[in-house]
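2 protein chains.
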Amino acid sequence: MLAIERQRMILDRVVTESSIRVVDLADSLHVSGETIRRDLLALEQQGLVRRVHGGAVDARQDAGDRLFQERETIRIEEKRAIGLRAAELVQDGDIIAVDVGTTALVFCEALRSKRRLTVITPSIKAALLLRQTSDARVIVTGGELQEDEPYLAGYLAEAALRQFHVTRAFISAGGIALDTGITDYHDGEVQMRKVMLQCASQVTVLADSSKMGVRAFAVVGPLRLMDTLITDAGLHSSMQQKLEQLGIEVLVAEAPVRK
Amino acid sequence: MLAIERQRMILDRVVTESSIRVVDLADSLHVSGETIRRDLLALEQQGLVRRVHGGAVDARQDAGDRLFQERETIRIEEKRAIGLRAAELVQDGDIIAVDVGTTALVFCEALRSKRRLTVITPSIKAALLLRQTSDARVIVTGGELQEDEPYLAGYLAEAALRQFHVTRAFISAGGIALDTGITDYHDGEVQMRKVMLQCASQVTVLADSSKMGVRAFAVVGPLRLMDTLITDAGLHSSMQQKLEQLGIEVLVAEAPVRK
DNA sequence: GCGGCGTGTTGGCCATTGAAAGACAAAGGA
DNA sequence: TCCTTTGTCTTTCAATGGCCAACACGCCGC
Chain H
998 MLAIERQRMI LDRVVTESSI RVVDLADSLH VSGETIRRDL LALEQQGLVR RVHGGAVDAR
1058 QDAGDRLFQE RETIRIEEKR AIGLRAAELV QDGDIIAVDV GTTALVFCEA LRSKRRLTVI
1118 TPSIKAALLL RQTSDARVIV TGGELQEDEP YLAGYLAEAA LRQFHVTRAF ISAGGIALDT
1178 GITDYHDGEV QMRKVMLQCA SQVTVLADSS KMGVRAFAVV GPLRLMDTLI TDAGLHSSMQ
1238 QKLEQLGIEV LVAEAPVRK
Chain E
998 MLAIERQRMI LDRVVTESSI RVVDLADSLH VSGETIRRDL LALEQQGLVR RVHGGAVDAR
1058 QDAGDRLFQE RETIRIEEKR AIGLRAAELV QDGDIIAVDV GTTALVFCEA LRSKRRLTVI
1118 TPSIKAALLL RQTSDARVIV TGGELQEDEP YLAGYLAEAA LRQFHVTRAF ISAGGIALDT
1178 GITDYHDGEV QMRKVMLQCA SQVTVLADSS KMGVRAFAVV GPLRLMDTLI TDAGLHSSMQ
1238 QKLEQLGIEV LVAEAPVRK
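Residue numbers (the numbering used here), protein chains in the order written: chain H, 998 to 1256; chain E, 998 to 1256.
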């Protein structure tokens, strides 16, 4: 294997995994740790990675002050691309609803360039992020604080959502399948999403391509409930065609290209 | 795991939870407390967190929430005493409402020994603190997220409070005076407090003695609305007598003495 | 064959970590 | 209020493992 090939593979892993260890790379590429260090040195001189004790981290992600939660997340590049694409649908002054979840959080970060937004969300993380990074008016639904992730659910949350009508709701989904429709894993969230769908003129679902064809156990509703689906380039063209036949606008977010 | 990954993870938790304990981190990240302390030291040198005894707090919130920070440090001993005294009024299994503010936050900390509580609050900080330190069921009122301090106010918050009836409400106050009654500085909070008073069987006001005789501009209501006042030893005995003549139970918290 | 290049190996050095001991701070009881 | 107890912080030390520099080896083209 050529040195340059190996370095590309290393960069690829650093990008997808955010960080990498020298021993892991040496192991999987069947070269010595010293070779890996020399490769990382070369990549660092090109400004592509940053070396740290024991390995290296993605230089680009490291530059920004993004939340760790995002970096750690699998398929973060896809989600970031989806978040950026979704933010393009938002105009200054819009009133939108934002869901719980990592994709939604990345989306909120992409909203920092917008002005005078009104955002309603059940996610504490999203609310605090928006408060820090933007001038948005943030309305938090009430509800019972969940254990696993800081968001609010239950009767109060649903009642709060019903008080509003938003121009666009941005929803996450655990699964998108042609037969079962939109599904998810947490039934508490599902109920809230149903309400969110009802109180929005336009429904946009954010789901990376790994969710396509997946049937999670709690059903949110049929596919026709969504007006727009934003996903990444991993979407099968046949799936895309079928979705478009149902009248759903499918936007494929291009992952930002790396030099 | 790389040291830098661990530090990012720590930072993420500090940001979302506002504060964190060394032992909790050591436990969940499976490293020794010494390693965590070194990580926190590194993060502190980058200006990202501020170390405190037992853990660390979010530096950004400290800097941004200047007002809150000041209130946090001022008369903290008295507030802690008041919080502890107030916690004595709470039984396992109680359903209570908790207000916004530093005193309320200290009170929530003192609730860690209680079990199976149900707490309703408009304060994000209080909610996250309770989620972290106790097994309480936490219900957050909805509402508009405020700029200066993370709590929720407005129509939604009031509507949410009206959905409940609690055995005891714990209220903060900016001023307690015999003529103007209970007053405060933020009119948004005042409206919410009025509602909180209405939906509680017992009303307990937490106010350190510096608030006595103070008339802040927004009126919450007459003194007779409160059943119990918890304050510190700085309370004038004449004031205490007059309050007791009004049928208010006055509890004086003994501040732990500092060497 | 010879020099350049990339790679592996080796030994010394340094960074990170965890354990232990003593100092210090906080909480609770007499 | 004082003292005890408990928990936390700091310092020090040893061990582990990663880093670096130097050198040897093999491959390739000339």
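We put the CB at the ideal spot given by N, CA and C, even for glycine.
Which runs of the beta strand (DSSP E), 3 residues or longer, sit entirely within the region 1167 to 1225 of chain H?
As far as the region 1167 to 1225 of chain H is concerned, its whole beta strand (DSSP E) runs of at least 3 residues are 1172 to 1174, 1178 to 1181, 1197 to 1203 and 1215 to 1218.
Pairs of beta-carbons, one from the region 1003 to 1016 of chain E and one from the region 1238 to 1252 of chain H, closer than 8 Å: are there three or more?
Contact between the region 1003 to 1016 of chain E and the region 1238 to 1252 of chain H is absent, with fewer than three C-beta pairs closer than 8 Å.
So what does DSSP say about V1247 (chain H), is it helix, strand or coil?
strand
Kindly list, in the order they appear in chain E, the residues whose Cβ is closer than 8 Å to that of G1244 (chain H).
The contacting residues do not exist; G1244 (chain H) stays about 33 Å from chain E at best.
Check whether chain E comes within 7 Å of T1138 (chain H), counting only Cβ atoms and requiring the distance to be less than that.
Nearest CB-CB separation between T1138 (chain H) and chain E: below the 7 Å threshold.
Alpha-carbon spacing of F1065 (chain E) relative to V1020 (chain E), whole angstroms:
Per-residue confidence for F1065 (chain E) stands at a pLDDT of 38, beneath the threshold of 50, marking its modelled position as unreliable; no derived number is given.
If you follow the beta strand (DSSP E) that D1055 (chain E) is in, where does it begin and where does it stop?
Counting along the chain, D1055 (chain E) sits inside the beta strand (DSSP E) bounded by residues G1052 to D1055.
Give me the Cα-Cα distance between G1178 (chain H) and T1201 (chain H), rounded to the nearest whole angstrom.
14 Å
Contact check, K1122 (chain H) vs T1100 (chain H), beta carbons under 7 Å
Between K1122 (chain H) and T1100 (chain H), the C-beta spacing is not below 7 Å.
Going by alpha carbons, who is nearest to E1144 (chain H) out of E:E1144, E:S1131, E:L1142 and E:D1176?
E:S1131
Can you name the start and end residues of the alpha helix (DSSP H) that A1094 (chain E) belongs to?
Here A1094 (chain E) belongs to no alpha helix (DSSP H); instead the beta strand (DSSP E) covers I1092 to V1095.
When every heavy atom of the ligand SAH is checked, does at least one fall within less than 6 Å of the C-beta of T1115 (chain E)?
The ligand SAH is absent from the structure shown, which contains no ligand whatsoever.
On a CA-only basis, which of E:H1027, E:L1232 and E:L1203 is nearest G1080 (chain E)? Give me that one, please.
E:L1203
Using the three-state DSSP reduction, which class does S1029 (chain E) fall into: helix, strand or coil?
Looking at S1029 (chain E) - three-state DSSP - the assignment turns out to be coil, as it is neither helix nor strand.
Kindly list the residues whose CB is nearer than 8 Å to the CB of R1018 (chain H), restricted to its own chain and excluding five residues on each side of it in sequence; keep chain order.
G1051 and G1052
Cβ of E1241 (chain E) less than 7 Å from any chain H Cβ?
no
Taking 7 Å as the threshold (C-beta atoms), are V1211 (chain H) and G1172 (chain H) in contact?
For G1172 (chain H) and V1211 (chain H), yes; Cβs fall inside 7 Å.
Give a yes or no on contact between the region 1100 to 1114 of chain E and the region 1138 to 1152 of chain E, applying the rule of three or more CB pairs nearer than 8 Å.
no
Does V1247 (chain H) come within less than 7 Å of chain E when only Cβ atoms are used?
no
Identify each residue in the region 1150 to 1169 of chain H for which the Cβ-Cβ distance to at least one residue of chain E is less than 7 Å, and report them in chain order.
L1153, A1157 and Q1160
Rounded to a whole number of angstroms, what is the C-alpha to C-alpha distance between R1255 (chain H) and V1103 (chain H)?
Caution is warranted here: a pLDDT of 43 is assigned to R1255 (chain H), below 50, making its placement in the model unreliable, and the coordinate value is therefore given only provisionally. One C-alpha to the other measures close to 19 Å.
Nearest-angstrom Cα separation, counted from R1190 (chain E) out to E1106 (chain E):
21 Å
Cβ-based contacts, 7 Å cut-off: residues of the region 1025 to 1054 of chain H near chain E:
V1049, H1050, G1051, G1052 and V1054
Looking only at C-alpha atoms, which of E:Q1160, E:L1222, E:R1165 and E:I1033 sits nearest to D1089 (chain E)?
E:R1165
What is the rounded straight-line gap between the Cα of R1005 (chain H) and the Cα of Q1004 (chain E)?
Counting only the Cα atoms, Q1004 (chain E) lies some 27 Å from R1005 (chain H).
From L1158 (chain H) to T1180 (chain H), what distance separates their C-alpha atoms?
20 Å
Residue-chain proximity (K1191 (chain H), chain E), Cβ-Cβ < 7 Å
no
Write down the C-beta distance between S1169 (chain H) and D1055 (chain H) rounded to the nearest angstrom, noting that I regard them as a contact closer than 8 Å.
In fact, because the Cβ distance is near 24 Å, the residues do not count as touching under 8 Å.
Strictly below 8 Å CB to CB, what residues from chain E border S1016 (chain H)?
L999, I1001 and E1002
Residues of chain E with a CB under 9 Å from the CB of L1081 (chain H): which are they?
Going along chain E, no residue has its Cβ under 9 Å from L1081 (chain H), so there is no contact; the nearest lies around 21 Å.
Suppose contacts are defined by Cβ-Cβ distances below 7 Å. Is D1224 (chain E) in contact with Q1199 (chain E) by that definition?
yes
Of the choices E:I1245, E:F1167, E:G1244 and E:K1208, whose alpha-carbon is the least far from that of D1229 (chain E)?
If we check each option's Cα against that of D1229 (chain E), E:K1208 comes out closest.
Rounded to the nearest angstrom, what separates P1147 (chain H) and L999 (chain E) at their Cα positions?
26 Å
Apart from the five residues on each side of it in sequence, which residues of its chain come closer than 7 Å, Cβ to Cβ, to E986 (chain H)?
Because chain H in this structure spans residues 998 to 1256, residue 986 (chain H) falls outside the shown range and cannot be described.
Compute the distance between the beta-carbons of L1232 (chain E) and S1206 (chain E), then report whether it is under 7 Å.
Yes, these two residues count as a Cβ contact at 7 Å.
Kindly indicate the opening and closing residues of the alpha helix (DSSP H) around T1115 (chain H).
Looking at the DSSP string, T1115 (chain H) is not in any alpha helix (DSSP H); the run it does join, the beta strand (DSSP E), is T1115 to T1118.
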